[in-house]
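If you number the sequence shown the way the numbering used here does, the last residue is 252 and the count never jumps.
What follows is a single structure, written as structure tokens, with notes after it.
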Amino acid sequence: MPLGRHAILMTFRRELPDAETCTGGLLIRVDSANGIAAGQDDQPFTKVATWPAAAQPLGFWEEQAIAVLAEPEPRDWPSARQWLNGWDESRFALLSTALQVVAWQRNHRFCGRCGHSPRRISGEFAMHCDHCGHRNYPRISPCIITLVTHGDDLLLARSPRFPPGRYSTLAGFIEPGEAAEEAVHREVFEEVGVTIGRLRYFGSQSWPFPHSLMLGFFAEATSRRIRIDGVEIADAAWFTPRRLPPLPPSYSISRALIDRFLADRRPR
Ligand SMILES: [Zn+2]
-15 MPLGRHAILM TFRRELPDAE TCTGGLLIRV DSANGIAAGQ DDQPFTKVAT WPAAAQPLGF
45 WEEQAIAVLA EPEPRDWPSA RQWLNGWDES RFALLSTALQ VVAWQRNHRF CGRCGHSPRR
105 ISGEFAMHCD HCGHRNYPRI SPCIITLVTH GDDLLLARSP RFPPGRYSTL AGFIEPGEAA
165 EEAVHREVFE EVGVTIGRLR YFGSQSWPFP HSLMLGFFAE ATSRRIRIDG VEIADAAWFT
225 PRRLPPLPPS YSISRALIDR FLADRRPR
């Protein structure tokens, strides 16, 4: 989330524990369906004397070394989204990191260049192929996410994947060679047929489903007629601040964009 970077520094520190001297601590366990095991005090981690060999250190949580372990089977643990609901930014950062590191381990079991098995490099998130020298890193996919407005009205859309009734802001992946601002114009026009003028950057959020970096923008529409693509978007409409549909969860940047727009328009 764009705000509260200090809180993140206080609780989750992005410094990989030394592999020689640090071999245990807190452990997050993620199952094959992205469920996360509940530990002591309803936290998403437990304290262990020694991490399993396959565990990947992540950093420090409240100054205790913490690692993540990808379990090969589904275990019926609470889903990542359940864990994130109602959470603050620092815990979001921890689980977002854990989920993305697990996705990377699962999706890069073999070298993408020559097909041999890479080995993990300690001290950074990296895997090295001794056969061809290729090194791979966790994949991060930049996306734009934008709240399109016209006067007081908000353009919100629903994807066929959303829970019934929910509407959200527009989002899409940035293509190779494309600037984020270009992607905002292109995605909005592709998805809802609306042209936009002034853009204002809002902030970013790392989004672990599965590994997006959401770059948030406000966009002012220069046309109002909506023409939906019918594939990525099942419906889109203009909403007034007084009559809003069910919105995305509070931990999402989508919701932060909407909340900030509404707060800024409220008479003081
Ligand atoms: Zn290779």
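In this text, a Cβ means the ideal position worked out from N, Cα and C, and glycines have one as well.
Rounded Cβ spacing between residue i and residue j (contact assumed at less than 8 Å)
i              : j             : result
isoleucine 129 : serine 16     : Going by Cβ atoms, the distance from isoleucine 129 to serine 16 rounds to 28 Å, so no, they are not a contact pair.
glycine 19     : arginine 59   : 6 Å
tryptophan 67  : proline 126   : Not really, about 24 Å apart at Cβ, beyond 8 Å.
alanine 39     : leucine 11    : 6 Å
arginine 97    : cysteine 116  : 5 Å
glycine 8      : tryptophan 35 : 5 Å
alanine 167    : glycine 156   : 7 Å
isoleucine 242 : leucine 139   : Not confirmed; about 11 Å, so no contact.
arginine 182   : histidine 134 : Their Cβ separation, rounded to whole angstroms, is 12 Å, which puts arginine 182 and histidine 134 out of contact at 8 Å.
proline 225    : aspartate 136 : 6 Å
Cβ neighbour criterion (16 or more within 10 Å) applied to residue i
i             : result
cysteine 95   : buried
arginine 13   : buried
threonine 179 : exposed
glycine 99    : exposed
leucine -7    : For leucine -7, the predicted structure reports a pLDDT of 49, less than 50, and the residue's modelled location is therefore unreliable. The matter cannot be settled from this model.
threonine 206 : exposed
threonine 81  : buried
arginine 142  : buried
glutamate 159 : exposed
valine 85     : buried
serine 63     : exposed
proline 253   : Outside the modelled stretch of the chain, which goes from -15 to 252, sits residue 253, for which no answer is possible.
tyrosine 121  : exposed
glycine 200   : buried
arginine -11  : Caution is warranted here: a pLDDT of 46 is assigned to arginine -11, below 50, making its placement in the model unreliable, and the coordinate value is therefore given only provisionally. Looking at its Cβ environment, which holds fewer than 16 other Cβ atoms inside 10 Å, arginine -11 is exposed.
Closer than 7 Å: residue i CB and nearest ligand 1 heavy atom
i             : result
histidine 118 : yes
cysteine 6    : no
histidine 115 : yes
cysteine 127  : no
histidine 92  : no
histidine 195 : no
arginine 97   : yes
histidine 100 : yes
beta-carbon residue i near ligand 3 non-hydrogen atom, thresh 7 Å
i            : result
arginine 103 : In the structure on display, ligand 3 does not appear, and the ligands it does have are ligand 1.
Segment contact, 8 Å Cβ cut-off, at least three pairs: the stretch 232 to 248 with the stretch 182 to 191
yes
Give a yes or no on contact between the stretch 102 to 110 and the stretch 192 to 199, applying the rule of three or more CB pairs nearer than 8 Å.
Contact between the stretch 102 to 110 and the stretch 192 to 199 is absent, because fewer than three Cβ pairs lie under 8 Å.
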